[in-house]
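Data block below; observations after.
In our numbering, the protein residues as written are 7 to 823.
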């Protein structure tokens, strides 16, 4: 097939793909009926009118891909892809400004063209002797010639997709995104569906639809009565909190009525008090509205007045999180997916499928579920909610369910606080167990709720917790990066840039975060390549086996780790010691290019020529033909949380320690788009990206309120943390003190306030009293003599009546009056 004019056209309007209909009816339509005055239509219609019988026409869709590409993608770029879905020949141009009659090829196999694409609904292509891209595309589309990817990869900077292209929302783009990530998405969706089926079964037994008619106010309302059994409490916080979708957050007013514990009155959606005489009538009207809109939604009756967009006929129309959850629970299987489409509906869901009449996000949910389930049969309503949620997060940058499974049940109540806030600081009096609590929370989260005991973690979980204690001499070089003295084998002193403890930990989290976003196949390939490198190096006689570069210079591998390879070059007058990166060597091996010399490497990776390229090339030549005996079968990983604990965070000079990372640790600036150049960035490799804090890093700090250094705590840093006070009483409950010891601690703390005239900041926590019996005798009281009494003397140091105060508190401690 050949022609001077080739037309690539879209096949999506009215919220659906028209491909099957076009092929069945032997036509192609532009759409836009009734909108002929639109400027965009006029532009396309002028092109449509030029199409003549005999012109070839191809239906295409354009999207972006990062994974599962037919060529290597070492830089993890997104590239534009144009899928050719149908090919035909125009038989007649009807002349109505909308329709062509087309003879579609019956046996055409869809195929993908990369790099040079268009997103226009209609794209006319003519042969051009000056542009190889156009001629290549025509030969690929009409003559089935294979695309030569290497030509385009040499010019890859011209073809890397823009952020707007990557985040363009359409059903076609969703389908491709799902296929790229289904290895991760589908197992999680199935796991959630299994849990949902059991929860739904129990829910329908506990709360059958007919029970709603006889439901009392206390049965329904949150905040009063048997709250653990009320419908609202169970849906938001209790047994059914994870049924289809979570609805935590916001005001309790989302249920229409709730009991305000402080005002001790019933309130409505905007916290307005409902007069006591009107409460019963108000609730009965609310209950009727809920039953009416549920019955209409279960039938899919969106013409009902209850689904009018103004919400005046039914207040639950404007409560999409609650209503969607209940529609999913009560409706027959296959109708609704477990996702609230009201949030980001303009940015995401309206671009997938827009509903202009009645029904709003509820009809949108039902219709989208049907459309997507027909296009991807494995994604029925039970499974679709999770992929749609993750796609929404991908487009918007939201990450509520990205790192920690929102269906996890944590042991400690503060674990969810850390997950939501990203950075927290426990503050309180000495001995309140802040460090102990931090370790509990970290263990709880990394084990996904299995245990809160750090000694019960396995080695992989333990490695995702890091602990550091700040002190006055702690600085940026300890925490982020700095120059460290180093003596080489010849005894020469020099300095080497080394990462600090925080940066080392964050780099591990980044590796996990980025790997967890890749497909099963890509992770396996990368793990096998890394395993191949390390296995080869294991067989090298370190410091003995000779390697040689093209110039004849010899070098030796002195040592290696999973991140670096240290080589020694005796004949190099400039530098005898060079550090190579395992990651870069891995990228070179995965590129799929037969490099002939070191220069080829920097040209391929678009970098400046460096001395190291020759040494990378020499190792590449040795390793590329090395036969790996065992594949790394356990390579695939998911995104996991990493917890960094900073004990006594206020004792260090915060601004000096964190430096430019003030910006990066802010929860709203997490992610690789918000990277920063560190203080020593000029000493990094030129191709090293900006440093950033990934979304799977969580930071816990602890601080004593009475420490003098509290006042110096940086206010810019304060804004980036959520502060949680741990009182002495909180610590006693958390550590399970026996009742007698608990009473003794309470007497001591009461005396510190009443006798010592100090604030609660000076009370003493339960850590001082753990695992001891009550001290009743002054003759046997090691805790009092060696810990408490010296601490109290420090409290009152310099006061004229210090001895008297300590003596009186001592009497109260031993319950002597």
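We put the beta carbon where it would ideally sit given N, CA and C, even for glycine.
These numbers were taken from a predicted model, which means no experiment stands behind them.
Identify every residue that forms a DSSP beta bridge with residue 395. Position 389 of the chain shown, counted from the start, is the residue given in the question as residue 395. Answer by DSSP bridge pairing: none, since residue 395 is not bridged.
Would DSSP call residue 575 helix, strand or coil? Taking the chain shown and counting its residues from 1, the one referred to as residue 575 is at position 569. Three-state result, residue 575: coil.
Which of helix, strand or coil DSSP assigns to residue 728: Locating residue 728 in the chain shown gives position 722, where the first residue counts as 1. Note: residue 728 maps to strand in three-state DSSP.
In this structure, does DSSP put residue 248 in helix, strand or coil? Taking the first residue of the chain shown as position 1, residue 248 is located at position 242. Coil, per DSSP.
DSSP three-state label for residue 553, please. Taking the chain shown and counting its residues from 1, the one referred to as residue 553 is at position 547. In the three-state reduction of the DSSP assignment, residue 553 falls in the strand class, which pools E and B.
Contact check, residue 401 vs residue 327, beta carbons under 8 Å: Locating residue 401 in the chain shown gives position 395, counting from the first residue. Locating residue 327 in the chain shown gives position 321, counting from the first residue. Pairing residue 401 with residue 327 gives a Cβ-Cβ distance that is not under 8 Å.
For a minimum of 4 consecutive residues, which ranges assigned as the alpha helix (DSSP H) are wholly contained in the region 67-150? Every alpha helix (DSSP H) of 4 residues or more that sits fully in the region 67-150 is shown, in chain order, as 138-149.
Which of the three DSSP states, helix, strand or coil, is assigned to residue 474? The sequence position of residue 474 within the chain shown is 468, counting from 1. Residue state, collapsed to three classes: strand.
Return the CA-CA distance between residue 159 and residue 599, expressed in angstroms with no decimal places. In the chain shown, counting from the first residue as 1, residue 159 sits at position 153. In the chain shown, counting from the first residue as 1, residue 599 sits at position 593. Approximately 11 Å between the Cα atoms of the pair.
Residue range of the alpha helix (DSSP H) that residue 814 falls in? What you label residue 814 is simply residue 808 of the chain shown in a count that begins at 1. Annotation: the continuous alpha helix (DSSP H) that includes residue 814 extends over 808-819.
Separation of residue 272 from residue 266, as counted between CA atoms: Looking up residue 266 in the chain shown gives position 260. Looking up residue 272 in the chain shown gives position 266. So the alpha carbons of these two residues sit roughly 6 Å apart.
I'd like to know whether the C-beta atoms of residue 708 and residue 666 end up nearer to each other than 8 Å. Numbered from 1 along the chain shown, position 702 holds the residue referred to as residue 708. Numbered from 1 along the chain shown, position 660 holds the residue referred to as residue 666. Remark: C-beta atoms of residue 708 and residue 666 do not approach each other more closely than 8 Å.
CB-CB under 6 Å to residue 505, same chain, minus the five flanking residues each way: which ones, in chain order? Mapped onto the chain shown, residue 505 falls at position 499. Counting only Cβ-Cβ distances below 6 Å, and skipping sequence neighbours, we find 487.
Helix, strand or coil for residue 431 per DSSP? Within the chain shown, the letter at position 425 stands for residue 431. DSSP places residue 431 in the strand class (E or B) of the three-state scheme.
With which residues is residue 503 paired in a DSSP beta bridge? What you label residue 503 is simply residue 497 of the chain shown in a count that begins at 1. 489, per the DSSP bridge assignment.
I want to know whether the region 108-126 touches the region 81-99 - three or more CB-CB distances under 8 Å. Enough Cβ pairs lie closer than 8 Å, so yes.
Taking the C-alpha atoms as reference points, what is the distance between residue 4 and residue 627? Not covered by the structure: residue 4. The range shown for the chain is 7 to 823.
Same chain, Cβ closer than 7 Å to residue 97, neighbours up to 5 away in sequence not counted: Within the chain shown, residue 97 is the residue found at index 91, counting from 1. So the qualifying residues of the chain are 59, 107, 108 and 109.
Is the region 532-541 close to the region 513-520, with three or more CB pairs under 8 Å? Contact between the region 532-541 and the region 513-520 is absent, because fewer than three Cβ pairs lie under 8 Å.
Name the residue from 332, 371 and 767 whose alpha carbon lies nearest to the alpha carbon of residue 218. In the chain shown, counting from the first residue as 1, residue 218 sits at position 212. Distances from the alpha-carbon of residue 218 to those of 332, 371 and 767 put 332 closest.
Ordered along the chain, which non-local residues of its own chain (more than five positions away) have a Cβ less than 6 Å from that of residue 732? As a working note, residue 732 is residue 726 in the chain shown. Counting only Cβ-Cβ distances below 6 Å, and skipping sequence neighbours, we find 432, 434, 438 and 440.
What three-state label does DSSP hand residue 377 in the structure shown? Position 371 of the chain shown, counted from the first residue, corresponds to residue 377. Residue 377 falls in the helix class under three-state DSSP.
Provide the residue(s) that pair with residue 653 in DSSP beta bridges, ordered along the chain. Sequence index remark: in the chain shown, residue 653 carries index 647 (1-based). Partner(s): 475.
Contacting residues, own chain, Cβ-Cβ under 7 Å from residue 111 (five flanking each side not counted): What you label residue 111 is simply residue 105 of the chain shown in a count that begins at 1. Apart from sequence neighbours up to five positions away, the residues of its chain that approach residue 111 with a beta-carbon distance below 7 Å are 93 and 94, ordered along the chain.
Cα-Cα separation, residue 79 to residue 73: Here residue 79 refers to the residue found at position 73 when the chain shown is read from its first residue. Here residue 73 refers to the residue found at position 67 when the chain shown is read from its first residue. Cα to Cα, residue 79 sits roughly 8 Å from residue 73.
So, do the region 137-149 and the region 26-39 have three or more beta carbon pairs nearer to each other than 8 Å? With a cut-off of 8 Å on Cβ pairs, the region 137-149 is not in contact with the region 26-39, counting fewer than three such pairs.
Just to check my reading of the structure: residue 619 and residue 607 have Cβ atoms closer than 8 Å, yes? What is that Cβ distance to the nearest angstrom? Position 613 of the chain shown holds residue 619. Position 601 of the chain shown holds residue 607. Going by Cβ atoms, the distance from residue 619 to residue 607 rounds to 5 Å, so yes, they are a contact pair.
Whose C-beta lies closer than 6 Å to the C-beta of residue 460 among residues of the same chain, with five residues either side of it excluded? For the purposes of this step, residue 460 is taken as residue 454 along the chain shown, with counting starting at 1. The answer, listed in chain order, is 445 and 449.
Would you mind giving the Cβ-Cβ distance between residue 334 and residue 323, rounded to the nearest angstrom? I have them listed as a contact below 8 Å. Numbered from 1 along the chain shown, position 328 holds the residue referred to as residue 334. Numbered from 1 along the chain shown, position 317 holds the residue referred to as residue 323. Actually they are not in contact, since the Cβ atoms of residue 334 and residue 323 sit about 16 Å apart, beyond 8 Å.
Is the shortest distance between the beta-carbon of residue 551 and the beta-carbons of chain C less than 8 Å? Any reference to chain C falls outside this structure, which holds one protein chain only.
Neighbour-count burial assignment, residue 822, 16 or more Cβ in a 10 Å radius: Counting from 1 along the chain shown, the entry for residue 822 is found at position 816. With a 10 Å radius around the Cβ and a threshold of 16 neighbouring Cβ atoms, residue 822 comes out exposed.
Is the distance from the Cβ of residue 68 to the Cβ of residue 133 below 8 Å? Sequence index remark: in the chain shown, residue 68 carries index 62 (1-based). Sequence index remark: in the chain shown, residue 133 carries index 127 (1-based). Not a contact, by the Cβ cut-off of 8 Å.
Helix, strand or coil: which one does DSSP assign to residue 38? For the purposes of this step, residue 38 is identified with residue 32 of the chain shown, where counting begins at 1. Here residue 38 sits in coil by DSSP.
Can you check whether the CB of residue 396 is closer than 8 Å to the CB of residue 673? Within the chain shown, residue 673 is the residue found at index 667, counting from 1. Within the chain shown, residue 396 is the residue found at index 390, counting from 1. Result no, Cβ atoms of residue 673 and residue 396 do not sit closer than 8 Å.
Report the three-state DSSP secondary structure of residue 363 (helix, strand or coil). As a first step, residue 363 is located in the chain shown; it is residue number 357 there, counting from the start. Coil, per DSSP.
Own chain partners of residue 467 with C-beta closer than 7 Å, once the 5 adjacent residues on each side are dropped: Along the chain shown, one-based indexing puts residue 467 at 461. The answer, listed in chain order, is 452 and 453.
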